[in-house]
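S.K.: Numbering (my numbering), first residue to last: 7 to 566.
What follows is the structure, encoded as structure tokens:
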């Protein structure tokens with residue numbers, strides 16, 4: 007097949023159509039199509055756009071089922087034995103394509119990896135392993151950005167500045183340096199042009215999301231517009247290093263009561279929107295440590311502190327580090343666990359925190375009905391929703407995870423499967439649930455590395471009970487008790503007068519009850535249409551019967 011580059015007329019026409027009818031960035035669409043074609047994913051995009059239901063191992067949700075064949079898998083669909091065998095290959099190709107398309111699409115893939123209600127398991131696995139690696143920016147450009155942002159030559163700012171990066175990613179790269187004070191630091195420098203590239207990609211994704219919502223079932227059903235908004239919110243935080251610096255300071259204050267945990271210190275005078283300078287933490291990534299090396303530390307106590315710190319962030323502070331996977335955690339040389347990379351944090355309001363506490367407690371106590379009820383309190387329940395069937399499926403999910411845990415339940419996976427069941431029942435998936443599921447999934451991986459025998463559910467149960475007790479005691483403060491007394495006093499003072507008003511209206515036949523029936527107007531219109539059709543049918547039937555009588559009389563008269 008000839009490429010678009012070999013047919014300039016077609017490429018120009020396609021670009022003109024996209025510019026005029028759909029987008030201001032046709033060249034980016036062509037680039038995306040080229041990458042999809044390179045990895046043979048164009049038919050995959052078509053399949054996802056045409057029908058989006060998939061059968062997984064549990065039979066809970068479906069993606070790509072050929073409805074025209076009674077649910078049987080078509081030869082070219084995403085389902086069927088042959089296609090199922092190729093899932094892993096296509097999933098790896100999708101991950102590679104997203105890596106090549108840059109930071110916006112890498113972040114999109116990471117977001118999709120938390121949505122088992124959208125993608126089959128092989129895609130979830132492949133996208134969760136997305137690597138954000140790229141060739142480093144030349145050191146001359148890096149130094150130019152640092153000098154522009156900090157307003158001085160690098161030689162005046164640092165005793166030394168290593169021109170070779172420690173790591174390079176699609177948004178930024180990190181260099182080691184030494185401050186005039188002699189402190190060892192790492193300097194995170196944003197890549198040139200990345201902000202504009204992300205802005206263009208976000209505009210493209212917004213266009214695709216709105217188009218899919220208006221013209222396909224997948225966009226409307228799975229909230230494509232909301233997903234892109236979440237992506238935009240995340241990337242907006244990540245490309246402003248001042249926000250990451252503030253997040254780092256905030257999390258540092260939150261974990262101050264856990265002596266086995268630490269974070270890098272931020273150097274404010276060396277930090278701007280595009281440059282972030284933090285203290286150098288000497289240690290090794292948790293993912294790179296062997297069990298023998300971990301045994302030289304009190305890894306079980308460290309794991310308990312790590313889990314307790316995150317539960318505190320989620321249930322009490324309402325602000326938490328979203329990405330605690332082993333690659334973002336270092337075991338420092340001093341034996342403490344160092345949390346890294348605070349480009350994005352999650353936030354829960356007071357109501358969400360209460361629901362999260364109830365949800366985790368219900369999961370820990372194997373209360374499936376309570377899990378279902380708490381989840382439904384977090385979403386807008388659609389009309390015609392079958393609560394009983396939903397509660398039965400959630401209860402089965404909770405019991406299954408408890409039975410298969412062997413004393414150690416994978417709570418993060420269970421929470422993500424909960425969203426999968428909810429989506430299968432047609433309920434929306436709140437952002438709070440995907441954030442919580444992703445965080446607990448990554449946290450479970452880190453705890454498994456530190457202490458494989460530790461059961462997070464037991465710790466969650468104990469910690470959440472403690473949190474609930476503290477909240478109840480906080481509600482019993484003198485100020486709140488005094489407010490309740492005043493409310494009760496007001497109620498008792500006004501109750502006789504209000505009861506007298508009601509009795510007086512009843513005695514004088516002035517008591518009226520206003521009844522509002524949801525969608526009554528629509529029901530009346532349907533009833534009127536039905537009545538009109540019935541009347542027309544009766545009239546038509548009468549005419550036919552009467553005509554028959556008249557015709558019969560005429561025929562009899564003629565025969566005489």
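C-beta: ideal position from N, C-alpha, C; glycine also.
By DSSP's criteria, residue 166 is part of a beta bridge. Which residues make up the other side?
M.R.: Residue 166 pairs with 184.
S.K.: Apart from the five residues just before and just after residue 135, which ones in its own chain have a Cβ nearer than 8 Å to its Cβ?
M.R.: Closer than 8 Å at the Cβ level, and outside the excluded window around residue 135, lie 101.
S.K.: On the CB-based measure, 16 or more other CB atoms within 10 Å of its CB, does residue 269 come out buried or exposed?
M.R.: Per the 10 Å Cβ criterion, buried.
S.K.: Answer yes or no: do residue 290 and residue 247 have a C-beta to C-beta separation smaller than 9 Å?
M.R.: Taking 9 Å as the Cβ cut-off, residue 290 and residue 247 do not qualify as a contacting pair.
S.K.: Hey, out of 454, 103, 320, whose CA is closest to residue 129's CA?
M.R.: Of the listed residues, the one whose Cα sits closest to residue 129 is 103.
S.K.: Starting from the Cα of residue 2, find the closest Cα among 504, 121, 367, 467 and give me that residue.
M.R.: The question about residue 2 has no answer here: the residues shown for the chain are numbered 7 through 566.
S.K.: Please check the pair residue 195 and residue 179, which I expect to be a contact at CB under 8 Å, by giving their CB distance rounded to whole angstroms.
M.R.: Correct: roughly 6 Å between the Cβ atoms.
S.K.: Given that a residue counts as buried once 16 or more other Cβ atoms are within 10 Å of its Cβ, and exposed if not, what is residue 171?
M.R.: Label assigned to residue 171: buried.
S.K.: If you draw a straight line from the C-alpha of residue 61 to the C-alpha of residue 432, how long is it?
M.R.: Note on residue 61: pLDDT 42, under 50, position unreliable in the model; the coordinate value appears next. One C-alpha to the other measures close to 16 Å.
S.K.: Would you mind reading off the limits of the alpha helix (DSSP H) that contains residue 113?
M.R.: 109-118 is the span of the alpha helix (DSSP H), which, as asked, contains residue 113.
S.K.: Taking the Cβ atom as the reference point for each residue, do residue 356 and residue 375 lie within a distance shorter than 9 Å?
M.R.: Against a cut-off of 9 Å, the Cβ pair of residue 375 and residue 356 comes out as no contact.
S.K.: Run through DSSP, which three-state label would residue 539 get?
M.R.: It is helical.
S.K.: State the Cα-Cα distance for the pair residue 500 and residue 510, rounded to the nearest angstrom.
M.R.: If I take the Cα positions, the gap works out to 16 Å.
S.K.: Would DSSP call residue 302 helix, strand or coil?
M.R.: Coil, per DSSP.
S.K.: Opposite residue 352 in the DSSP bridges: which residues?
M.R.: Answer is 326.
S.K.: Are the CB atoms of residue 342 and residue 266 nearer to each other than 9 Å?
M.R.: Their beta carbons are under 9 Å apart, which means residue 342 touches residue 266 by this criterion.
S.K.: If the criterion is Cβ atoms closer than 9 Å, does the pair residue 113 and residue 244 meet it?
M.R.: Against a cut-off of 9 Å, the Cβ pair of residue 244 and residue 113 comes out as a contact.
S.K.: Cutting at 8 Å between CB atoms, please list the residues of its own chain near residue 330, excluding the five before and the five after it.
M.R.: The answer, listed in chain order, is 312, 316, 345, 445, 448, 449, 452.
S.K.: Taking the DSSP output, what are the residues bridged to residue 285?
M.R.: DSSP output for residue 285 lists 191 as bridge partner(s).
S.K.: Residues in its own chain within less than 6 Å of residue 366 by CB, not counting five upstream and five downstream?
M.R.: The residues are 466, 470.
S.K.: Run the CB neighbour count on residue 197, radius 10 Å, all protein chains shown included, and call it buried at 16 or more, exposed below.
M.R.: By the neighbour-count rule (16 or more Cβ atoms within 10 Å), residue 197 is buried.
S.K.: Specify whether the stretch 234-242 and the stretch 204-216 touch according to this definition: at least 3 beta carbon pairs, one from each stretch, less than 8 Å apart.
M.R.: Result yes; three or more Cβ-Cβ pairs closer than 8 Å.
S.K.: Which residue wins for smallest C-alpha separation from residue 47, given the options 30, 97, 32, 34?
M.R.: Nearest C-alpha to residue 47: 97.
S.K.: CA-CA distance, residue 353 and residue 362?
M.R.: Spanning the two alpha carbons is a distance of roughly 12 Å.
S.K.: Would the stretch 143-157 and the stretch 280-287 be scored as touching if the rule is three or more Cβ pairs under 8 Å?
M.R.: Result yes; three or more Cβ-Cβ pairs closer than 8 Å.
S.K.: Taking C-beta to C-beta, are residue 439 and residue 384 nearer than 9 Å?
M.R.: Yes, the Cβ-Cβ distance between residue 439 and residue 384 is below 9 Å.
S.K.: For residue 489 and residue 294, what's the separation of their Cα atoms in angstroms?
M.R.: Their Cα atoms are separated by approximately 55 Å.
S.K.: Would you mind working out which of 146, 370, 189, 204 sits nearest residue 409, comparing C-alpha positions?
M.R.: It is 370 whose Cα lies nearest to the Cα of residue 409.
S.K.: Distance cutoff 9 Å, beta carbons only. Does residue 468 sit that close to anything in chain D?
M.R.: Reference to chain D is not applicable here, since this structure consists of a single protein chain.
S.K.: Assuming residue 251 contacts residue 457 under a Cβ cut-off of 8 Å, what Cβ separation, rounded to an integer in Å, is found between them?
M.R.: Wrong, their Cβ atoms sit about 32 Å apart, outside the cutoff.
S.K.: So, is residue 302 buried or exposed, given that buried needs 16 or more other C-beta atoms within 10 angstroms?
M.R.: Exposed, since its Cβ has fewer than 16 Cβ neighbours within 10 Å.
S.K.: From residue 442 to residue 319, what distance separates their C-alpha atoms?
M.R.: Taking the straight line from one Cα to the other gives about 11 Å.
S.K.: Tell me residue 196's beta-bridge partners as DSSP assigns them.
M.R.: Residue 196 is bridged to 178.
S.K.: Return the CA-CA distance between residue 474 and residue 462, expressed in angstroms with no decimal places.
M.R.: Rounded to whole angstroms, residue 474 to residue 462 spans 18 Å at the Cα level.
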